[in-house]
Amino acid sequence: MLFGLSPATLQEKTKAIQQHCINMEVSHEHSSGVCVTVSANRIKGLTYDAEKHSPEQVREAINQCFEKWSNETKEYFETNIDTILESVPKVFRQELKNQLLGN
123 MLFGLSPATL
133 QEKTKAIQQH
143 CINMEVSHEH
153 SSGVCVTVSA
163 NRIKGLTYDA
173 EKHSPEQVRE
183 AINQCFEKWS
193 NETKEYFETN
203 IDTILESVPK
213 VFRQELKNQL
223 LGN
């Protein structure tokens, strides 16, 4: 254990940050009116009218929502990486950054 932070603790911290992003939910309303809510690899909510919306519109709304999720988690990392890194001793910052950005 160095500087009061064991490798296991560092790994737990990394995992917690990654979990936060995986569980982050993002909602999107397609121009056609299809509403989607997703987290990492799951559709959490999908609202559409089967008579009004085509399968293509639904698929497009889902794809756009996953794209939005991807951008928002990337943005979360980019905006918070310094704060995240400040929470660990300097000697571990590069390793934590590598772990976070490597996955």
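Residue numbers (this note's numbering): 123 to 225. Every residue, glycine too, gets a C-beta built ideally from N, C-alpha and C. None of these values were measured; they are calculated from a predicted model.
Rounding to the nearest angstrom, what Cα-Cα distance links residue i and residue j in this structure?
{"i": "Cys184", "j": "Ile165", "result": "At residue 184 the sequence reads Ile, which differs from the Cys that was named. Taking the straight line joining both Cα atoms gives about 8 Å."}
{"i": "Ser192", "j": "Ser128", "result": "31 Å"}
{"i": "Ser153", "j": "Glu182", "result": "10 Å"}
{"i": "Gln133", "j": "Phe199", "result": "17 Å"}
{"i": "Asp204", "j": "Val148", "result": "23 Å"}
{"i": "Met123", "j": "Leu223", "result": "Reliability fails at Met123, whose pLDDT of 48 lies under 50, so the model's placement of it is uncertain and the value that follows must be treated cautiously. Spanning the two alpha carbons is a distance of roughly 24 Å."}
{"i": "Gln221", "j": "His175", "result": "42 Å"}
Does the Cβ of residue i have 16 or more other Cβ atoms within 10 Å, making it buried, or fewer, making it exposed?
{"i": "Val158", "result": "buried"}
{"i": "Val213", "result": "exposed"}
{"i": "Thr131", "result": "exposed"}
What whole-angstrom Cβ distance do residue i and residue j have, given they're in contact under 8 Å?
{"i": "Leu207", "j": "Lys135", "result": "About 10 Å separates the two Cβ atoms, so there is no contact after all."}
**Request:** At 4 residues or longer, and completely inside the segment 165-216: list those alpha helix (DSSP H) runs for me, N to C.
**Result:** 177-208
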